[in-house]
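Each remark here refers to the structure printed beneath this line.
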Amino acid sequence: MSEAGSGWSDERVELLKKLWSEGLSASQIATAMGGVTRNAVIGKVHRLGLSGRAKSTSGGAQKPRKSVSVAAPRAATTNARATASIPLVQGNTALAAVAVAPERPQGMPAPAAVAAVATSPAIAAPESQRVTIMELRENMCRWPMGDPTSADFCFCGNRTTPGIPYCTFHSRIAYQPPERRRDRRSN
DNA sequence: CCCTGATTCGC
DNA sequence: GCGAATCAGG
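Counted the way the UniProt record's numbering counts, the first sequence spans residues 1 to 187.
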């Protein structure tokens, strides 16, 4: 255990592949996963032999500029690109949403548990700023909201305590004490 | 100046 | 293997 953000675990590599294949840029992926920089993501992508999605040398890559959303326009449906080289796991969108959560600290419950929390009926979460990846800063809560493959994907964005990836509210969800995690609230 | 991925190169 | 620094471009 005790894995921090670094170290490419299987889950992390899977998520990386998935997001990359869906058209997210390296910086988006890096920010979403937390604990890694876009360089790290790119480096890993290349080491995995996944490159070639975007054409090099240029800005053909920066379409997302027009709209800030994270969004993969048509995800895996349209382009044969998906079948080209990426296995692209299908049907686990929810898992992806969970996996997008940053490095899982020691106290973090299993992904499934978090998924349940994240998708539970929403009571009174503090109003989230609903910021996109581009607007996320270090001191903003990066609790994922929505489907990472969808255009409405964004983050909570509320203020965080330095060093903590989530706002106080989402920290309570993310760092549930083992004993008390029965009564969890959602965002 | 913002961004993109690609590559190099020290660790 | 990893990722910061750098490169090359939009």
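Built from N, CA and C at the ideal position, the CB exists for glycine as well.
Here the structure is a predicted model, which is why all the values come from computation and not from measurement.
Boundaries of the alpha helix (DSSP H) around residue 47: 38-48.
The three-state secondary structure of residue 33, taken from DSSP, is helix. Rounded to whole angstroms, the separation of the alpha carbons of residue 22 and residue 130 is 21 Å. Of the other Cβ atoms in all chains shown, fewer than 16 fall within 10 Å of the Cβ of residue 137; this residue is therefore exposed. Rounded to whole angstroms, residue 10 and residue 29 show a C-alpha spacing of 16 Å.
Here DSSP, grouped into helix, strand and coil, assigns residue 155 to strand. Residue burial is scored here from C-beta neighbours: residue 144 has at least 16 other C-beta atoms within 10 angstroms and is therefore classed as buried. If you draw a straight line from the Cα of residue 47 to the Cα of residue 41, it comes to about 10 Å. For residue 131, no alpha helix (DSSP H) run applies, since DSSP gives it neither H nor E.
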